[in-house]
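Have a look at the structure below, then the notes.
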Amino acid sequence: MKKYNRSHFKIKSLNLEKLFNKICKQFVIYDIKQDDNFTQFEVEESEADKLEKFLKDSNISIEQIKHYGWRKRLKTFFKMWGIIAGLICGIILYCLQYAFVFRIDVWGCENIEQEEIVKFINHNLSSNFKANIDTEKLEIELKDNFEQISSVSVAIIGQSLVVNINEAVLPEEMEGDFQPIISQYDGMITAINLVQGTLNVKVGDIVQKGDVLVYPYVSDGEGEVMPVLPRAEIKADVWLSENEVFYEYQIKEERTGRKIDCWTITLFGLEIYSNLSDNIFENYESEETSSYLTQNNLLPFIYNKITFYETKTIEIIRNFEQEKNEVFEKLRQKTLISVAENEIIKDEMVSVKQGGGVYYITLTLTVEKDIGEGYGYIFPQS
Amino acid sequence: MFNFFEEIKGQLKRVDKNLLSSYNMVNLSGKILYVEGHLGLTILSPTVIAFKIKKGRVEVEGKGLYLSELSQNTLKIEGEIKRVEEF
Numbered sequence: 092m093k094k095y096n097r098s099h100f101k102i103k104s105l106n107l108e109k110l111f112n113k114i115c116k117q118f119v120i121y122d123i124k125q126d127d128n129f130t131q132f133e134v135e136e137s138e139a140d141k142l143e144k145f146l147k148d149s150n151i152s153i154e155q156i157k158h159y160g161w162r163k164r165l166k167t168f169f170k171m172w173g174i175i176a177g178l179i180c181g182i183i184l185y186c187l188q189y190a191f192v193f194r195i196d197v198w199g200c201e202n203i204e205q206e207e208i209v210k211f212i213n214h215n216l217s218s219n220f221k222a223n224i225d226t227e228k229l230e231i232e233l234k235d236n237f238e239q240i241s242s243v244s245v246a247i248i249g250q251s252l253v254v255n256i257n258e259a260v261l262p263e264e265m266e267g268d269f270q271p272i273i274s275q276y277d278g279m280i281t282a283i284n285l286v287q288g289t290l291n292v293k294v295g296d297i298v299q300k301g302d303v304l305v306y307p308y309v310s311d312g313e314g315e316v317m318p319v320l321p322r323a324e325i326k327a328d329v330w331l332s333e334n335e336v337f338y339e340y341q342i343k344e345e346r347t348g349r350k351i352d353c354w355t356i357t358l359f360g361l362e363i364y365s366n367l368s369d370n371i372f373e374n375y376e377s378e379e380t381s382s383y384l385t386q387n388n389l390l391p392f393i394y395n396k397i398t399f400y401e402t403k404t405i406e407i408i409r410n411f412e413q414e415k416n417e418v419f420e421k422l423r424q425k426t427l428i429s430v431a432e433n434e435i436i437k438d439e440m441v442s443v444k445q446g447g448g449v450y451y452i453t454l455t456l457t458v459e460k461d462i463g464e465g466y467g468y469i470f471p472q473s
Numbered sequence: 334m335f336n337f338f339e340e341i342k343g344q345l346k347r348v349d350k351n352l353l354s355s356y357n358m359v360n361l362s363g364k365i366l367y368v369e370g371h372l373g374l375t376i377l378s379p380t381v382i383a384f385k386i387k388k389g390r391v392e393v394e395g396k397g398l399y400l401s402e403l404s405q406n407t408l409k410i411e412g413e414i415k416r417v418e419e420f
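Now the structure itself:
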């Protein structure tokens, strides 16, 4: 225990007896030990500075001074004014800022805009000081101003104001802005099964994509119009068609497979390196690409590449009569992409127009589809 | 406050107390030597430590000797004390 709050001195001196006799007149010395070259001893830490000065004045060479105990450490700590001031300022700032709310977190918003809620809270908060925030009042205000909110809780967690919202779910029957059933295809109406709403079409009508099939309201005997969610099953013959052009004589440019690669490297528009060779092809087409050689922007080396492909002109002569079945089949497959698995193909029609060795082929499939099945949309009340 | 040396001196009747005021020394099992009233060190080494007293000099011989405490009036020697002689 005695070792605490002591300072350890290591000195190099001759005539130690005389020195210690002088020192002991002013200080109490502990644990004087000697080895070959040095003498070590300890004094009370409180007297260390005084002794150090004394030794220096006596021209004694001090090799080392070590301080033990909490008193010296505390003293050193209190000498670090900058750190202490910083710490105190930090603690004060932390305490100050902890008393304020800096963030608003809104949870549970699906249909309501989060920004709207945040804007509303910011507008209604008198200050960001925690003590001035009345969460209960805020809850009531939110509930009153947002009809879509079923329940809301506001709490201060740390430095955030957490708003937890439960949105109200509107039942279908509830009055709202209903939308009509719209046709999704062009076609001719073949069957109608109306459940709810007012029909705008009848069997045999030809409709286009986007036409209204069922209006979202019904009229009673007195002529009063009542909005309803339209429901109906409407079937129609829908025409799906695809085109193809067939050339009996055609001239085409085709690559032979031979090519020449040329490239350059530039830096800020200056050419650093190039591998340009002469283009020896008579007929060719070229492709040019440019990219950065490195990912960093410090040295933006640009790599430019030009490739010359040799081409040759070829004549293609075909016979429509010989190939028409293949063309029709290809066209059919192309059209069938738009037909769903369970849909019945009622009719198939191919029309061919010819002019100067060019054939324009159109394939039309007549398919029965539900063009207005289901419900209209409900838009939330504004 | 209790003082060991003063207590001993107080019990002595036949000896002149003035003669006892030079120095006091106690040896604890040859391991610690406590001295009051020294007048300064004369030799300091791990085998010999010597110091002056009022009418002479005291020499302590031993092994691994060191001064565990030294003040203007008192000193404490620790180590393996073999011999203590007054000259």
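For the protein sequence lines, the chains are C and P, in the order given. Residue numbers for the first sequence follow the working numbering, so the first one is 92 and each next one is one higher. Residue numbers for the second sequence follow the working numbering, so the first one is 334 and each next one is one higher. C-beta: ideal position from N, C-alpha, C; glycine also.
Going along chain C in order, which residues have a C-beta closer than 7 Å to the C-beta of residue i?
i: glutamine 405/P; result: Cys115, Lys116
What is the residue span of the alpha helix (DSSP H) that residue i lies within?
i: isoleucine 224/C; result: Isoleucine 224/C -> no alpha helix (DSSP H), and no H or E assigned at all.
i: isoleucine 208/C; result: 205-215
i: phenylalanine 168/C; result: 161-170
i: isoleucine 114/C; result: 107-114
i: leucine 142/C; result: 139-148
i: threonine 385/C; result: Note, threonine 385/C: premise wrong, no alpha helix (DSSP H); not H, not E.
i: phenylalanine 419/C; result: 411-427
i: lysine 342/P; result: 337-344
Thinking C-alpha only, which one of the options is nearest residue i?
i: valine 192/C; options: Ile436/C, Asn223/C, Ser274/C; result: Asn223/C
i: asparagine 236/C; options: Val430/C, Val443/C, Lys221/C, Val209/C; result: Val209/C
i: glutamine 188/C; options: Gln250/C, Lys343/C, Pro321/C; result: Gln250/C
i: aspartate 461/C; options: Gly288/C, Asp328/C, Phe220/C, Ile436/C; result: Asp328/C
i: threonine 404/C; options: Lys444/C, Ile120/C, Arg346/C; result: Arg346/C
i: glutamate 459/C; options: Val260/C, Ile452/C, Lys300/C, Met279/C; result: Met279/C
i: asparagine 112/C; options: Phe384/P, Ile341/P, Arg390/P; result: Phe384/P
i: phenylalanine 420/P; options: Glu402/P, Gly389/P, Gly397/P; result: Gly389/P
i: leucine 377/P; options: Ile365/P, Ile386/P, Phe338/P, Glu392/P; result: Glu392/P
i: threonine 478/C; options: Gly446/C, Thr398/C, Thr357/C; result: Any property of residue 478/C remains undetermined from this structure, which presents chain C solely from 92 to 473.
i: asparagine 96/C; options: Glu154/C, Lys234/C, Glu136/C; result: Glu136/C
i: glutamine 445/C; options: Thr453/C, Ile435/C, Asp438/C; result: Thr453/C
i: aspartate 268/C; options: Val260/C, Pro307/C, Glu238/C; result: Pro307/C
i: leucine 400/P; options: Glu227/C, Gln239/C, Thr130/C; result: Thr130/C
i: phenylalanine 419/C; options: Asp296/C, Glu406/C, Val430/C, Tyr451/C; result: Tyr451/C
i: tyrosine 159/C; options: Glu414/C, Gln424/C, Glu138/C; result: Glu138/C
i: asparagine 257/C; options: Gly447/C, Ile203/C, Lys109/C, Ile114/C; result: Ile203/C
i: isoleucine 195/C; options: Cys115/C, Trp161/C, Leu252/C, Asn150/C; result: Leu252/C
i: lysine 437/C; options: Ile151/C, Thr281/C, Lys109/C; result: Thr281/C
i: isoleucine 153/C; options: Asp140/C, Gln299/C, Leu456/C; result: Asp140/C
Would you kindly report the start and end of the unbroken beta strand (DSSP E) that includes residue i?
i: glycine 395/P; result: 389-403
i: leucine 456/C; result: 449-461
i: asparagine 334/C; result: 322-338
i: tyrosine 306/C; result: 303-306
i: threonine 130/C; result: 130-135
i: alanine 246/C; result: 240-248
i: lysine 381/P; result: A small correction: the amino acid at residue 381/P is valine; lysine does not occupy that position in the sequence shown. Looking at the DSSP string, the run of the beta strand (DSSP E) that includes valine 381/P is 381-386.
i: leucine 285/C; result: 278-287
i: valine 417/P; result: 407-419
i: arginine 97/C; result: 97-103
i: histidine 158/C; result: 152-158
i: tyrosine 364/C; result: 361-366
i: proline 318/C; result: 316-318
i: glutamine 125/C; result: 120-125
Which chain P residues are close to residue i, counting only those with a beta carbon under 9 Å from its beta carbon?
i: phenylalanine 111/C; result: Gly373, Leu374, Leu377, Leu400, Leu403
Could you work out which residues of chain P lie near residue i, taking near to mean beta carbons separated by less than 7 Å?
i: leucine 105/C; result: Neighbours of leucine 105/C on chain P: none; closest Cβ ~12 Å, over 7 Å.
For a test of your reading of the model: does the CB of residue i fall under 7 Å from any non-hydrogen atom of the ligand HEM? Yes or no.
i: glutamate 138/C; result: Looking for the ligand HEM in the displayed structure turns up nothing, as the structure carries no ligands at all.
Chain-ordered residues of the region 114-141 of chain C with a beta carbon less than 7 Å from chain P: Result list: Cys115, Lys116, Val119, Ile120, Tyr121, Asp122, Ile123, Lys124, Gln125.
Give me the subset of the region 140-161 of chain C whose CB atoms are less than 8 Å from a CB atom of chain P, sorted by chain position. Hits within the stretch: zero.
Would you check if the region 393-410 of chain C and the region 330-345 of chain C touch, i.e. whether three or more CB-CB distances between them fall below 8 Å? Contact holds: three or more Cβ-Cβ distances are below 8 Å.
Does the region 97-108 of chain C come within contact of the region 146-154 of chain C, defined as at least 3 CB pairs closer than 8 Å? In short, these stretches touch, since the Cβ pair count reaches three.
Do the region 397-412 of chain P and the region 369-386 of chain P touch if we need at least three Cβ pairs shorter than 8 Å? The answer is yes - the region 369-386 of chain P touches the region 397-412 of chain P, with three or more Cβ pairs under 8 Å.
Is the region 315-328 of chain C touching the region 282-300 of chain C in the sense that three or more CB pairs, one from each, lie closer than 8 Å? Contact between the region 282-300 of chain C and the region 315-328 of chain C is present, because at least three Cβ pairs lie under 8 Å.
Check whether the region 113-127 of chain C and the region 177-184 of chain C touch, using three or more Cβ-Cβ pairs below 8 Å as the test. In short, these stretches do not touch, since the Cβ pair count stays below three.
Do the region 392-399 of chain C and the region 374-382 of chain C meet, that is, are 3 or more Cβ pairs less than 8 Å apart? Segments in contact, yes.
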